[in-house]
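Here the structure comes first, spelled out in structure tokens, and everything after it is commentary.
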Amino acid sequence: MNPDRIRAVGAGGAGAASSPRPNRFRLMPVSPAPLLWGLTALAAVAVAAGVAILPATPAAAVDHAVILEYHHVGTDTPPSTSVTPETFEAHLGYLAEHDYHVWPLPRLLKRLEAGRSLPERTVALTFDDAYASVYTEAYPRLAERGWPFTVFVSTDYIDKGYAGFMEWDQLRELADNGAAIGNHSRSHPHLARPRRGDSRSAWLERVRAEIRQAQDRLAAETEDPVRIFAYPFGEFSAPVREMVADLGFYGVGQQSGAVGPTSDLTAAPRFPLSGTTDMVAFATKVRSRALPAEVLAPGDGVLEPDADKPALRLRIPAGPYRLEALACYASGQGRIEVEWRDRDAGKVMVRPQKALAPGRTKYNCTAPSSETNGVFYWYSFLWMKPNPDGSWYAD
Ligand SMILES: [Zn+2]
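Numbers in our numbering are just positions in the sequence shown, counted from 1, shifted up by 334.
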């Protein structure tokens, strides 16, 4: 993702915070219950028993977390998929200084799935593609802090010994030292696009083979690969997500946002990080929360070639955020139209002013917290649009 776009979202969201704040559609009281299951249950037991308890960390249980996605950590790799070692160090420094809990991704996802609370300020660090710089630059810095991380591997790249990627020995060393090794397919294809002339069953069989064969290779080379699948290019569609779930995997995408109790764990959002040294943008991301938007339409983001200005219809329940300040952005277009169809029901339609170009476009929507300044609730939706002749864009 272009870091300028991320900055645009952060800046726009912050700008929206200064708009008037009529509170008229916070009609329903916001229940703290989903935020504090663990403590609430404990307190209920204590109240029933007539015992006063004071948890050691009363505000420390929340229902959300943030997953960060890196590719390269280096200075001579493409800026769009790289952070410099200095920027990476600054990110880690920020997390340490602000008392973030860095958790293994498998643990984080299991917690969320079980509906159990997490410590406040929990993040997981992930690296896609198993680039060599993860071993040389990221790993030493993470090992020094004793922080866990997950590497998503496209196994053909390692099997073929491609330059710029880790070797199996290095991946084994990471795995032996606390890293989780996850599945990024065998050959890194665009899974959401059937090939021309492919039957649906042949296409889905290819998707299944990509995931299963990669997992077999990971299991053969590293002791205990986790059952988490990172979609190549962050691209998924409804049938692909179903396949991932059928195979017993969690899925993670590259659409930005925090994860929360309503997140779809077959395509959980992650914040892709690259290029920018802007620590304000980084802080906005790690402090963000999941906007619990339910997609009413469409079923997924794979578009027809003539779909110019696709509308995204969401239902967003009332919550501790200011929906009247909901702002949405499209990659390359800046702010786009937000049209409330039924405010009381939280139904909103989001659409761009300009036709989408072929390729990937994200609609990012943010609503400022009504409780904490500078905290945004965030939702992102990914579109994939083919070329006008129906062929697919290069990557
Ligand atoms: Zn990748």
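From the three backbone atoms N, C-alpha and C, an ideal C-beta is built for every residue, glycine too.
| Check | Outcome |
| --- | --- |
| For Pro-453, the nearest candidate out of Arg-675, His-425 and Val-400 (CA to CA) | Val-400 |
| Assigned secondary structure, Trp-674 (DSSP; H/G/I helix, E/B strand, else coil) | strand |
| Which listed residue (Ser-703, Gly-724 and Trp-502) has its alpha carbon closest to that of Ser-622 | Ser-703 |
| Meets three-Cβ-pair contact criterion under 8 Å: the stretch 406–413 and the stretch 555–571 | no |
| Spatially closest choice to Trp-481 from Gly-512, Leu-690, Arg-506 and Ala-497, by CA coordinates | Gly-512 |
| Presumed contact (8 Å Cβ cut-off) between Ser-739 and Asn-698, rounded CB distance | Residue 739 cannot be examined here, being either before or after the span of the chain that is shown, 335 to 729. |
| Other residues of its chain near Tyr-428: CB distance less than 7 Å, five sequence neighbours each side excluded | Met-613, Phe-616 and Ala-617 |
| Delimiting residues of the alpha helix (DSSP H) encompassing Gly-408 | That residue, Gly-408, is in no alpha helix (DSSP H); it is neither H nor E in DSSP. |
| Own chain, CB closer than 7 Å to Leu-426, minus 5 neighbours either side, in chain order | Arg-475 and Arg-479 |
| Bridge-paired residues (DSSP) for Asp-598 | Beta-bridge pairing links Asp-598 to no other residue. |
| Any alpha helix (DSSP H) of 4 or more consecutive residues that is wholly inside the stretch 543–597 | 572–580 |
| From Leu-690, Ala-664 and Glu-576, residue whose alpha carbon lies closest to that of Leu-599 | Glu-576 |
| Any non-hydrogen atom of ligand 1 within 7 Å of Pro-566 CB | yes |
| Alpha carbon of Glu-555 to alpha carbon of Asn-707, nearest angstrom | 47 Å |
| As assigned by DSSP and simplified to three states, the class of Leu-459 | strand |
| Contact test: Asp-729 Cβ vs ligand 1 heavy atom, cutoff 7 Å | no |
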